[in-house]
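Chemist: For the sequence shown, the working numbering assigns the number 137 to the initial residue and increments by one for each residue that follows. Glycine included, C-beta positions come from ideal geometry on N, C-alpha and C.
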Amino acid sequence: MELDNYKIYVNSDLTVIEQRILVDIGFILGFYTISRTFPVTTVNSGKNTIKIVKNIGQEVAVHGSIIEVAVPEPDKYNDTLKEVAEIFQAETEITEREVVTPRGYESASQYAKEWKDRDFRQVQGLEALFDAGLFLNDMDNDLLPDSITAKILINASMTSKMLEAAINLAYRFGMEMTQAVLPFTTCPDDDTHREHALIRFVTGAGFGVYLKRKNNCEFQSASNILEICGDGNLLVDRISRLCNKYPNLGEGEDWQSFILRIINSFTMNDADGQLAYLNAFAKNDNVTCVFSPEYKEKRDLIEKIFPNAKFDNYKRRTIKREKTYDITWEVEDLKAIIREKLLPIVHLGDSVSLQCAVSEDKKARDKLNDEICAELKNHGVSVDKCQIICSYKQGFSWINDFVIPDLRKLKKLQEITIYFKPMLASGSDEWNDESGIAPNYGNIYDNDPEKWRDIPIRNLQELYPIDDVISDALNIHRDCVKFEIYKGDENITYEVTALNENGEEIYQNSYLSRYYERPYIEEFTDMGKVHPASAYVCATVNEKSVLNETFETDLTKIWNIYQRDILPEVGRVVMERSGGHPNPEQQPYFGCLNLKIKVSEPDYELPYRDDMITSIDAMHEDIYFVGADYFKMLGISVGVKPLDAPGLILPEIEKKEGKPEFSYALYDQVSDSPSIMGEDLNIMPQFKNGDIEIFIKSLSYSDAGRFNVAVEVIRKSGYVSFDMVDKFINSYAELLSAGVLETSEIFEDDASIDFYCENQLIATANVGNRVQKTKDISICDVNLHIDEVISPAMFEEIIQSLKRVRGLKVIPLARSYQGRRIYGIQITPQRDGYISRVKLISKQPSEMINARHHANEVSSTNSTLMLIKELLSNPEYEEYRKNLNLIFIPLENVDGAQIHYELQKVNPLWKLHTARFSSIGKEFYYEYFNYETIHTEANAFTNAWWKSLPDVVVDNHGVPTHEWDQQYSGYASPSFKGFWLPRALLYSYFVIPDDSRFEWNIELNHHIADAVSEWVGKEPRIREGNIERIDRFQKYAAAWMPKMFQTKLEGNMINAWNPTSLNGTSNYLSIKAPWITAAAYVSEVTDETVHGDMLEFCASTHLLQDLGIIDLLNKSKAIFDKRLEVQNGQVVLSMKRLRPVIYNAGSVKKD
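#1: What do you reckon, are the CB atoms on residue 509 and residue 519 nearer than 8 Å?
#2: Looking at C-alpha atoms only, which residue of 416, 265, 281 is the closest neighbour of residue 361?
#3: Can you name the start and end residues of the alpha helix (DSSP H) that residue 383 belongs to?
#4: Terminal residues of the continuous beta strand (DSSP E) containing residue 286?
#5: To which residues of the same chain is residue 713 closer than 6 Å at the C-beta, ignoring the five residues directly before and after it?
#6: Three-state secondary structure (DSSP) at residue 746?
#7: Using only the alpha-carbon positions, how far apart do residue 815 and residue 1221 sit?
#8: Taking the alpha carbon of residue 471 as the reference point, which residue from 1087, 1280, 501, 155 has its own alpha carbon closest?
#9: In the DSSP output, which residue or residues are listed as bridge partners for residue 407?
#10: Using 8 Å as the threshold, is the C-beta distance between residue 665 and residue 737 below it?
#11: State the Cα-Cα distance for the pair residue 1148 and residue 1136, rounded to the nearest angstrom.
#12: With residue 1216 and residue 1127 assumed to form a contact (beta carbons below 8 Å), what rounded beta-carbon distance in angstroms separates them?
#13: Using three-state DSSP, classify residue 551 as helix, strand or coil.
#14: Measuring CA to CA, which of 856, 836, 407 is closest to residue 122?
#15: Can you list, in chain order, the residues of its chain with a C-beta nearer than 8 Å to that of residue 772? Leave out the 5 residues immediately preceding and following it.
#16: Going straight from the alpha carbon of residue 740 to that of residue 645, what length do you get?
#17: What are the residues that DSSP puts in a beta bridge with residue 655?
#18: Rank 450, 1004, 843, 786 by C-alpha distance to the C-alpha of residue 756 and give the top, closest one.
#19: When you compare only the Cα positions, how much space is there between residue 371 and residue 1247?
#20: Within 8 Å, do at least three Cβ pairs link the segment 849-869 to the segment 893-911?
#21: Anyone know if the C-beta pair for residue 269 and residue 166 falls short of 8 Å?
#22: Would you identify the three-state DSSP class for residue 949, choosing helix, strand or coil?
#23: Identify, in the order they occur along the chain, each residue of the same chain with its Cβ nearer than 6 Å to the Cβ of residue 489, setting aside the five sequence neighbours on each side.
#24: I think residue 392 touches residue 1260, with their Cβ atoms under 8 Å apart; what is that distance to the nearest whole Å?
#25: Closest to residue 313 by C-alpha separation, out of 1200, 977, 1125, 403, would be which residue?
#26: Beta-carbon within less than 7 Å of residue 935's beta-carbon, same chain only, minus the 5 sequence neighbours each way: which residues are those?
#27: Nearest to residue 587 by alpha carbon, out of 576, 568, 572?
#28: Spell out the partners DSSP gives residue 765 in its beta bridges.
#29: What does the Cβ neighbour count give for residue 199, buried or exposed, with the cut at 16 atoms within 10 Å?
#30: Assuming residue 176 and residue 307 are in contact, meaning their beta carbons sit under 8 Å apart, how far apart are those beta carbons, in whole angstroms?
#31: Take residue 352 and list the residues in its own chain whose beta-carbon comes closer than 7 Å to its own, dropping the five residues that flank it on each side.
#32: Looking only at its own chain, which residues have a Cβ that is under 6 Å from the Cβ of residue 693, when we skip the five neighbours before and after it?
#33: Assign residue 928 to buried or exposed, taking buried as 16 or more other Cβ atoms, counted over all protein chains shown, within 10 Å of its Cβ.
#34: Can you round the beta-carbon distance between residue 536 and residue 605 to whole angstroms, since I take them to be within the 8 Å contact cut?
#35: Let me know if residue 170 comes out buried or exposed under the rule of 16 or more other beta-carbons within 10 Å of its beta-carbon.
#36: For residue 149, does the count of other Cβ atoms within 10 angstroms reach 16, so buried, or fall short, so exposed?
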């Protein structure tokens, strides 16, 4: 029995009780149905029908495909409904997933708490007709409606067509609920109808749905009357059209989001509102309009309509101040020291030995070596030795350039030991092995001026990956290169010894690294000390030391200017703009701090994994992260919170030969807010949140079938005049009709919108007629740029193609701070007619996959597109599409992606963390579910979560491909010490409730870990990539500091488990709302930044992991609250899927 094929037979001359039973049956049938094409009624009795009959000897009889329901006696009415419901319940689509409750199972659903609704309005209208807010309510806090305050009024004057309309409407209401109490009908003789909102049918010309109030009450749910006007076939047709589509619009929008858009426009918060203000108050004036950036998408049309206005993006960056610095080149500094301090003291025939260090690559150092030796020889001096080491990673350079050539000369070399001195403050032997598996954003606030930010293995870190180099150079296994702590008393940093095959020492050499001490941030010395490398020169003449001097590298010169000049100057700008009291709520304080650097430094790839030796990639990281910490501390220093979105800190660094070039520019935004200004004119927002209420009060169709919506505007604030509302609404309606507004794009079908204020019609907008994308191509026809870093422009092209792909629904979820669109993509159910979101979520698990939250973590956009292609094109995954609700955000951080795309053109393999956060430096993860945030990219995640209410959220991230070092921050990045090296090709984080009530959530997380391990283990290259990186991580880090550098393997994966107390402010949904989202899985793959084959490989790694989780959810089972009982004279229906889902119950042993 397929419920969505059954129709309810309606004949004429039915009694009130017969009419009531048919309407209630309609509700029951809808309650157990997921999708349906309306109408659900028929006037022809035949197959697949449900009909009322007289005296059949039993309450309900099934004859093949015909269901006969006897007219019940009044005292048997509920029994009849229950028996009908039992038949339908047995045919629901949940049977394959449903499982008997396992022993000990405790549902997280029972611990649900009240949730702040994204719709903040106090008054709701027909936009919420089929959603919580008007008649429907969510009583158990699972965010799905489970009660209704309305009843359909049945009376003797109801015609058969009214009855058909009532049945269709009841059916649709049933589809929108997870629990209900019957009967859904009432009659004038039933006193209980006075306790409910009423839905009543009345005769009248045309068709209309009107929201009215009983006895002029306020618009409270139980005091509403829904009056449906019309009769005949027209009434059935129009109510069916309403049930098939309403409240959905195009582009994933609905009438509720339309109302919220208008409210936002009233406050001038978006380009639609700004244009409406211009049109209302300065249409023909010579004005300058600084608007939200999205206005540019329709700039040509806008300039044609407003020829006297000049337009600009209020977030456009304009230069505020700039400066160029003249910096000497360290190579010339070294030559000058030798000329001025060594040459005057040497004599003809002297023997000179030199050891120097500059931060230059091998080519520059070899050239420098030749020049120094030539000059010394020109003075009649013999050069016994001249070693020029790279001051960046001195130990690596010393061994690579000078020790390995020595070792090549040895025979029968068996083992090499490199001893390193721990990096500890004088008199300290404490290693402070803190946890580093996750970022530690709080460790910058330690407030200890004497603390060394360098970790004890700093000198070992500087050697990485020297054992690979030695292995290649000497043809020995890298395991024959061992590291040990130096425990001697000599003033050295490294000692290298070599043994032959007899265990005899055949080589010994040592080296002292030079560094200097400075505050991490000079203006905030309480943040501790760091130890960047120094350049130096040591000279002996005739074996007597005559010169031992350190001097500044080019990078240190730049760093001094940054710390002592630029950051304090920008800090003063922030203080001036804030009146001495900077506040996070007033951010950003500047548009961009741009630092342009061209410098001669080592920057090259190694032939191992994706390793690099690059001091300027490290410098890029230092400038960005230390700058960010500076502004955080600036906020704290004046007694407020950290400034975490002061503006974009944008270093642009290029490698060049010769003298360094350095300049900076500070940019401001054109304005802090949108404005319209002219001579003696300054138009500001006339409304603020709470000044007005807007809702839909009626729906109707014209005789020609055009849909009409009546929108009521209520003035809540005394200072808001009728004239102000009238001007704004007329302006808004005019532009909406003309297709100027972004909101114009959301309407697929023709409609007219009448705007009322205090029941007075003030404007009409005509919308629709938009050319719809036809579903005419296959996903296989779309170029997904799988092996390329995808820019926002490339992604927009992909999206336009995906809109044409069968089986996909593309949804604009939000706009970024800079106005770029952020999209969601849904796999659409292969069902006809109206599809109930409530029933889909209740029937089967939902999963949400978020990609590229940090824009420099590039591969997850590609992997998500690959996953969508696999799901649509691979027949093996057909059941995934059928059995799961899947939504994807392939590119969340679009502004960061644009920054990254431009930077990687110059430095394609760098980490580029300046693109990690938003265009003003905000980690907008903290803005999820903040419905008033200026960091509007956060709304994409929030809106996708609301749409899908996912059981599992997968957030695909990435880590650097190579060493993440910052020599001006203690070598390891302060908040990311445990991320110095990639600990694996792929590893995972699980944030789980530290609460015994959610043990089954925790068990599901463990099953997810097992599934990911199994799926990625299918690919040998992934296994090998993991093993290789774990080996490196273990040898150079975890073996010495196991807490900071965790490497515990679980199957094929390293998993980090983070038990966390339940917290409504957490943005991990597994902690914020564990009764909805049981797992918040975060993955990390080594993709900062990769291209070509490696990018495709990283994306494929994410893909396998994603498929593993999807496969697990597909195989999962669920417990359903499937109650059907008579209580207190009412029939209670319940069809709720309890959370979490169950997979292989009880098989995981939790630690």
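Modeler: In this structure, then:
#1: Translated into the one-based positions of the sequence shown, residue 509 becomes position 373. Translated into the one-based positions of the sequence shown, residue 519 becomes position 383. Yes, the Cβ-Cβ distance between residue 509 and residue 519 is below 8 Å.
#2: One-based indexing of the sequence shown puts residue 361 at position 225. Of 416, 265, 281, the residue nearest in Cα terms is 265.
#3: Here residue 383 refers to the residue found at position 247 of the sequence shown. First-last for residue 383: undefined, no H or E at that position.
#4: If you number the sequence shown from 1, residue 286 lands on position 150. Unbroken beta strand (DSSP E) run through residue 286: 286-289.
#5: Locating residue 713 in the sequence shown gives position 577, counting from the first residue. Counting only Cβ-Cβ distances below 6 Å, and skipping sequence neighbours, we find 725.
#6: In the sequence shown, residue 746 corresponds to position 610, counting from 1. Looking at residue 746 - three-state DSSP - the assignment turns out to be coil, as it is neither helix nor strand.
#7: Start at 1 with the first residue of the sequence shown, and residue 815 comes out as number 679. Start at 1 with the first residue of the sequence shown, and residue 1221 comes out as number 1085. Each residue's alpha carbon lies about 56 Å from the other.
#8: By 1-based counting over the sequence shown, the position of residue 471 is 335. Nearest option by C-alpha distance: 501.
#9: Sequence index remark: in the sequence shown, residue 407 carries index 271 (1-based). Per DSSP, none; premise fails for residue 407.
#10: Locating residue 665 in the sequence shown gives position 529, where the first residue counts as 1. Locating residue 737 in the sequence shown gives position 601, where the first residue counts as 1. Cβ atoms of residue 665 and residue 737: not closer than 8 Å.
#11: Position 1012 of the sequence shown holds residue 1148. Position 1000 of the sequence shown holds residue 1136. Approximately 18 Å, taken between the alpha carbons.
#12: Reading the sequence shown from its first residue, position 1080 is the one you call residue 1216. Reading the sequence shown from its first residue, position 991 is the one you call residue 1127. With 8 Å as the limit, residue 1216 and residue 1127 qualify as a contact, their Cβ atoms being about 5 Å apart.
#13: Taking the first residue of the sequence shown as 1, we reach residue 551 at position 415. Strand at residue 551.
#14: Nothing can be reported for residue 122, as the shown portion of the chain is limited to 137 through 1287.
#15: Here the question's residue 772 lines up with position 636 in the sequence shown. So the qualifying residues of the chain are 581, 778.
#16: Stepping through the sequence shown from its first residue, residue 740 is reached at position 604. Stepping through the sequence shown from its first residue, residue 645 is reached at position 509. Their Cα atoms are separated by approximately 27 Å.
#17: Mapped onto the sequence shown, residue 655 falls at position 519. Paired residue(s): 665.
#18: Within the sequence shown, residue 756 is the residue found at index 620, counting from 1. That would be 786, whose Cα lies nearest to the Cα of residue 756.
#19: Position 235 of the sequence shown, counted from the first residue, corresponds to residue 371. Position 1111 of the sequence shown, counted from the first residue, corresponds to residue 1247. Taking the straight line joining both Cα atoms gives about 46 Å.
#20: yes
#21: Translated into the one-based positions of the sequence shown, residue 269 becomes position 133. Translated into the one-based positions of the sequence shown, residue 166 becomes position 30. No, these two residues do not count as a Cβ contact at 8 Å.
#22: Looking up residue 949 in the sequence shown gives position 813. In the structure shown, residue 949 sits in a strand (DSSP, three-state: E or B).
#23: By 1-based counting over the sequence shown, the position of residue 489 is 353. If we look at residue 489 and ignore the five residues flanking it on each side, its Cβ neighbours are 520, 521, 676.
#24: Residue numbering aside, residue 392 sits at position 256 when the sequence shown is read from its first letter. Residue numbering aside, residue 1260 sits at position 1124 when the sequence shown is read from its first letter. No, residue 392 and residue 1260 are not in contact; Cβ-Cβ is about 31 Å, not under 8 Å.
#25: Translated into the one-based positions of the sequence shown, residue 313 becomes position 177. For the residues 1200, 977, 1125, 403, the minimum Cα distance to residue 313 belongs to 977.
#26: For the purposes of this step, residue 935 is taken as residue 799 along the sequence shown, with counting starting at 1. Contacts found: 946, 959.
#27: Position 451 of the sequence shown, counted from the first residue, corresponds to residue 587. Minimum Cα distance to residue 587 is reached at 568.
#28: For this step, residue 765 is matched to residue 629 along the sequence shown. None; residue 765 has no bridge partner.
#29: The sequence position of residue 199 within the sequence shown is 63, counting from 1. Label assigned to residue 199: exposed.
#30: To locate residue 176, count along the sequence shown from 1; it is residue 40. To locate residue 307, count along the sequence shown from 1; it is residue 171. Indeed they touch by this definition, with Cβ atoms about 5 Å apart.
#31: Numbered from 1 along the sequence shown, position 216 holds the residue referred to as residue 352. Residue placement at residue 352 is flagged as unreliable, the pLDDT there being 45, under the threshold of 50; the coordinate-derived value follows with that caveat. The answer is none, since no qualifying residue turns up.
#32: Here the question's residue 693 lines up with position 557 in the sequence shown. Taken in chain order, the residues that qualify are 463.
#33: Mapped onto the sequence shown, residue 928 falls at position 792. Buried: at least 16 other Cβ atoms inside 10 Å.
#34: For the purposes of this step, residue 536 is taken as residue 400 along the sequence shown, with counting starting at 1. For the purposes of this step, residue 605 is taken as residue 469 along the sequence shown, with counting starting at 1. Confirmed, about 6 Å.
#35: Along the sequence shown, read from residue 1 onward, the residue named residue 170 stands at position 34. Buried, because 16 or more other Cβ atoms sit within 10 Å of the Cβ of residue 170.
#36: The count along the sequence shown starts at 1 and reaches residue 149 at position 13. Per the 10 Å Cβ criterion, exposed.
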